Amino acid sequence: MSRTDNPRLKEILDALVEHGHAFLKQVKLTDEEFEKGLDFVRAVGLACNDKHNEVVLLADVLGLSTLVTLLNNSDASGRTPGALLGPFYRGDSPQYANGESIACKDSPGAPLFVEGRVLNTKGEPIANAKVDVWQASPVGLYENQDSSQPDKNLRGHFYTDGEGRFTCRSVRPAGYPVPTDGPVGVLLEKQNRHPFRPAHLHFVIFAEGYATLVSQVFADDSEHLNSDVVFGVNRCLVGTFERHDPGTSPKQDVDGLYYTLDYDFVLAEGTPTYPTPPIK
Numbered sequence: 432m433s434r435t436d437n438p439r440l441k442e443i444l445d446a447l448v449e450h451g452h453a454f455l456k457q458v459k460l461t462d463e464e465f466e467k468g469l470d471f472v473r474a475v476g477l478a479c480n481d482k483h484n485e486v487v488l489l490a491d492v493l494g495l496s497t498l499v500t501l502l503n504n505s506d507a508s509g510r511t512p513g514a515l516l517g518p519f520y521r522g523d524s525p526q527y528a529n530g531e532s533i534a535c536k537d538s539p540g541a542p543l544f545v546e547g548r549v550l551n552t553k554g555e556p557i558a559n560a561k562v563d564v565w566q567a568s569p570v571g572l573y574e575n576q577d578s579s580q581p582d583k584n585l586r587g588h589f590y591t592d593g594e595g596r597f598t599c600r601s602v603r604p605a606g607y608p609v610p611t612d613g614p615v616g617v618l619l620e621k622q623n624r625h626p627f628r629p630a631h632l633h634f635v636i637f638a639e640g641y642a643t644l645v646s647q648v649f650a651d652d653s654e655h656l657n658s659d660v661v662f663g664v665n666r667c668l669v670g671t672f673e674r675h676d677p678g679t680s681p682k683q684d685v686d687g688l689y690y691t692l693d694y695d696f697v698l699a700e701g702t703p704t705y706p707t708p709p710i711k
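Just so we're aligned, residue 432 is where the sequence shown starts under this note's numbering, counting upward by one.
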C-alpha cells in the first residue's frame, strides 16, 4: 500500500486491510464460509441495475450508511441532523409554487399539509432556499419503483419566501419494507430481522453559502420508529403528523380526515453541493 502517492487512500486501505485481517482471525473463518461470502458479494453486484442498487441497500441494512452520515454530521453547530439520501432520490424533480401539491390528481391517501422554515444557526430566515421533497406513496412505493404511478409523482421542489417559509401539499406517506427479493433480503431473513422503515418524508435543502442538508422527517405515530431496518431514525427528526377530523379543513376540496406537519430546518454555513442520485 505504501507505493500510492495519495496519503488519504493509503490511510483508508491500510486500515481496511488491518481490520479485515483482524476480523478473519477473530471469527476463524473457514474456507467454506469464505467461499459463501464471496458468492454473496457477487450476488449483490449482480442484483444491481438502472433502477436498483443492492450495494447501497446492503450498506443501509448493516448500518454503514447511517454511521457515515453521523460521522459527517456530528458537529455542535445546531444544524438539523442529516439522514440517508435513500435509493430513490431523483435530481430533476418538478418545481412548484408554495402551497401546491406534489401528489398527482388521482393519488390516493389522506391529504397532508406541510409547512416550515429554513433558518441559519442564528435563527435567521434563509430566503430563496431550495427545498426538495419526495416520499413513498400510501402503499409504500416510490414512483420510480412503481409503474402504476405517474412519472415524478410525490416529489417536487419549492423555494422559501423572504421569511424562510415554505408550504406544500401531499398525501400522508406510509412505512414500507426495503426490497427483499435479492441477497440482502436473504441476509435479513437469516438474521430474523424485519425489513420495514417507518413512514417519513425526504428533504434536500440547498442554499448559497450553506452546507446542503440531506435529511428525513419521520411520522411520530409510525410503527418501527425504534427498529428502523436501516437504523436511520434520529429523535430530532421525528415530526408531529397532527390528525384533523373531517369537516375541519379550510380547503374547500378537503372534507375528510387530513394531517398537518410543521417542521423547521436549520442550515450551517458551508459549501452547497447537490447529491448524486444513486440510480438513474
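Quick reminder that beta carbons are idealized off the backbone N, C-alpha and C, glycines included. Remember, predicted model here, so these are calculated numbers, not experimental data.
Using CA atoms only, rank isn't needed, just tell me which of the options is closest to residue i.
i      : options                           : result
Ala699 : Pro525, Ile636 and Arg596         : Ile636
Gln566 : Leu550, Thr704, Lys553 and Cys535 : Cys535
Ser653 : Pro677, Ser508, Gly670 and Thr435 : Gly670
Tyr607 : Gly701, Arg628 and Gly554         : Arg628
Asn484 : Gly613, Ala560, Asp537 and Leu550 : Gly613
Pro542 : Arg674, Asp695, Gly701 and Thr702 : Arg674
In whole angstroms, give me the CA-to-CA distance for residue i and residue j.
i      : j      : result
Pro539 : Thr461 : 52 Å
Ser579 : Val570 : 12 Å
Val615 : Leu632 : 24 Å
Gly517 : Ser680 : 32 Å
His655 : Glu442 : 37 Å
Ser568 : Arg603 : 8 Å
Ser601 : Tyr690 : 10 Å
Arg510 : Gly663 : 17 Å
Asn657 : Phe649 : 11 Å
Leu515 : Gly678 : 37 Å
Please list, in chain order, all residues of the same chain as residue i whose beta carbon is under 6 Å from its beta carbon, the five residues on each side excluded.
i      : result
Arg596 : Arg548
Phe714 : As shown, the chain starts at 432 and ends at 711. That puts residue 714 outside it, with no answer to give.
Leu692 : Val545, Gly670 and Phe672
Ser508 : Thr552 and Ala699
Taking 8 Å as the limit between beta carbons, can you name the residues of its chain near residue i, skipping five residues before and five after?
i      : result
Leu618 : Phe471, Leu489 and Val492
Ala558 : Thr591, Asp592, Gly593, Glu594 and Gly595
Gly522 : Tyr705, Pro706, Thr707 and Pro708
Please state the DSSP three-state secondary structure of residue i.
i      : result
Leu516 : coil
Ser496 : helix
Pro542 : strand
Gly670 : strand
His450 : helix
Pro706 : coil
Please list, in chain order, all residues of the same chain as residue i whose beta carbon is under 7 Å from its beta carbon, the five residues on each side excluded.
i      : result
Pro525 : Lys583 and Gly587
Pull the bridge partners of residue i from the DSSP assignment, please.
i      : result
Gln566 : Leu632
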